[in-house]
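Notes to accompany the following structure.
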Amino acid sequence: MGRNLDKLTTLAAAPGVEGGTSKSDNKDEVARLGCTARIREIREEVQNLITILKLLDDAAKVEDERARPREIGKKFTRVSETFEPNATSVDGLLSQIGQVFATSPATRDLLSDTVVRIGNNWDQAVYEWKAIKQEYEPTRSKVLRGEPLVAGEGDGPLKAGARMRPYLNEVVYWSSFVTIPYRINEHLDTLYQGQPLDFHAMFADELPDKDQRTKLLGFLKAHPASVTGVIDVERGVILKASPRGKRTLSGLLPVVAAAAGAPTLYLYALATRSVEVKNDALAAYLVSTYILVVAGAILHVVLDALKQWRGGDRGFSAMGDWFAWLDVKRGPNVISVFTVLAVFVASLAISTVAIEPLAALAIGYGSDSVFDVVIKRFDSAISKTVESTMKVMGQAPSTG
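Residues 2 to 401 (the numbering used here) make up the sequence shown, in order.
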């Protein structure tokens with residue numbers, strides 16, 4: 002199973018035909034898309050059968066022992082009238098896929114094992130249906146003639162769901178295995194960086210069984226090249242991310258933003274004398290203190306991720322994949338960098354003494370918590386400075 006499924010999920014990441022490909026490649030691409038469309042149709046036909054089998058479940062709820070056999074007979078006839086044309090359609094679609102395989106070895110190499118699983122489970126479902134139909138036929142004749150039945154004699158069709166659904170559900174699963182990765186990437190293309198795609202909500206119609214959706218999501222996570230996103234199986238979401246080759250560069254953006262803070266702080270210090278530091282030591286003080294503030298913020302992120310990991314939460318976190326986390330959280334991380342910078346600048350402005358190393362770590366570690374307090378004090382201090390400056394210049398702002 003492994004080799005072909007790996008190839009299939011890898012191709013899902015780029016389902017279109019790239020420019021400059023050979024005619025043979027284009028032919029295989031057309032063949033693959035044709036097979037995928039037929040597999041999608043097979044899934045629709047089988048899901049219809051799963052739905053129609055619920056009629057027999059409804060018949061089982063009839064409590065009147067005399068009316069129950071006739072109701073079961075009616076529902077069985079309705080199910081049979083649906084099953085026969087659907088079965089013919091599925092058989093025809095499987096045959097068409099076989100014909101495509103005969104003309105496109107590359108498509109056969111890619112999809113054959115999945116199609117075989119679909120076909121085998123379908124054959125088992127059909128076998129069970131024929132067996133149930135054959136077993137029920139004598140009883141059905143009695144029901145139509147109005148002959149009395151012994152208790153439970155007319156309940157044969159009620160076993161159809163239990164006997165057929167496991168195989169029909171497998172057909173749906175393996176069909177979705179082929180079709181869903183393409184749809185995932187189509188949806189991700191419409192999202193912003195880091196925006197989550199609710200996998201269970203989006204694909205419940207295509208793969209109704211939640212356990213099967215979780216199983217498929219786990220497989221896709223084990224094959225990360227299959228989708229242009231980061232998969233969080235535990236939360237059932239896929240986060241929009243950059244293509245894998247660009248994640249490292251994307252993840253460096255917060256680092257660049259953090260590095261840009263150092264010269265910004267230096268320029269700020271040249272314009273103020275709010276800290277008791279000799280001018281010749283000013284640069285070293287600013288850089289070292291800023292590094293400690295950033296280190297405190299990083300320490301906060303690492304400890305949060307570690308606590309999540311040690312707590313048994315295996316959802317998406319920085320501990321799982323740092324570059325993927327930096328990429329997906331690129332926007333919030335950049336905002337966090339500027340938050341840290343703003344808190345540090347405000348702390349410098351309101352502080353009358355040099356910030357100690359431990360205090361610098363604490364400022365970075367708790368930047369989110371102290372932001373409101375520090376900014377309010379900074380706003381108060383800067384307002385007083387502006388007012389004093391305006392008075393000195395003889396342009397005090399009016400109070401009215």
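Note that CB positions come from ideal geometry on N, CA and C, so glycine has one too.
Selection from the options that minimises the alpha carbon distance to residue i
i: V302; options: Y366, F339, I292, L240; result: Y366
i: K222; options: P209, D212, G237; result: G237
i: T215; options: I181, T191, N87, A242; result: I181
i: Y1; options: P358, E357, A226, G219; result: In the structure as shown, the chain begins at 2 and stops at 401. Residue 1 is therefore absent and cannot be evaluated.
i: L217; options: F200, D190, T229; result: F200
i: L56; options: K28, E82, V101; result: E82
i: L198; options: T229, N49, F102, V31; result: T229
i: I358; options: L307, A296, D305; result: Going by the sequence as given, residue 358 is Pro instead of Ile. The option with the nearest alpha carbon to P358 is A296.
i: F204; options: P86, N49, Q194, S177; result: S177
i: D190; options: A242, H224, R166, L159; result: A242
i: K62; options: V101, I43, L159; result: L159
i: E30; options: H224, F102, R166; result: F102
i: M165; options: D124, Q196, Q194; result: D124
Cβ-Cβ distance between residue i and residue j below 8 angstroms
i: I40; j: V179; result: yes
i: V80; j: L111; result: no
i: E46; j: V91; result: yes
i: S348; j: A298; result: no
i: Y174; j: Q135; result: no
i: I364; j: F339; result: no
i: V288; j: V341; result: no
i: A361; j: Y286; result: no
i: L240; j: V231; result: yes
i: Y137; j: F84; result: no
i: L104; j: A163; result: It should be pointed out that residue 104 corresponds to Thr in this sequence rather than to Leu. Not closer than 8 angstroms, so no.
i: E27; j: N87; result: Residue identity check: residue 27 is Asn in the sequence provided, not Glu. Going by C-beta atoms, N27 is not nearer than 8 angstroms to N87.
i: E72; j: A60; result: yes
DSSP bridge partner residues for residue i (one or two, in chain order)
i: G230; result: K241
i: L198; result: I239
Cβ neighbour criterion (16 or more within 10 Å) applied to residue i
i: T89; result: exposed
i: T108; result: buried
i: R69; result: buried
i: T290; result: buried
i: A161; result: buried
i: D305; result: exposed
i: T115; result: buried
i: T37; result: buried
i: E64; result: exposed
i: G74; result: buried
i: A202; result: exposed
i: L300; result: exposed
i: D58; result: exposed
i: A126; result: buried
i: E187; result: exposed
i: I133; result: buried
i: L307; result: exposed
i: Q100; result: exposed
i: R44; result: buried
Below-8 angstroms beta-carbon distance, residue i vs any chain C residue
i: G162; result: Going by chain labels, chain C is absent from the structure shown, which holds only one protein chain.
Residue i Cβ short of 7 angstroms to the ligand GTP heavy atom set
i: P167; result: Among the ligands in the structure shown, none appear at all, so the ligand GTP cannot be discussed.
Quiz prompt | Any 3 or more C-beta pairs closer than 8 angstroms across the region 118-126 and the region 90-103 | solution = yes
Quiz prompt | Segment contact flag, the region 205-214 with the region 169-178, C-beta cutoff 8 angstroms, min 3 pairs | solution = yes
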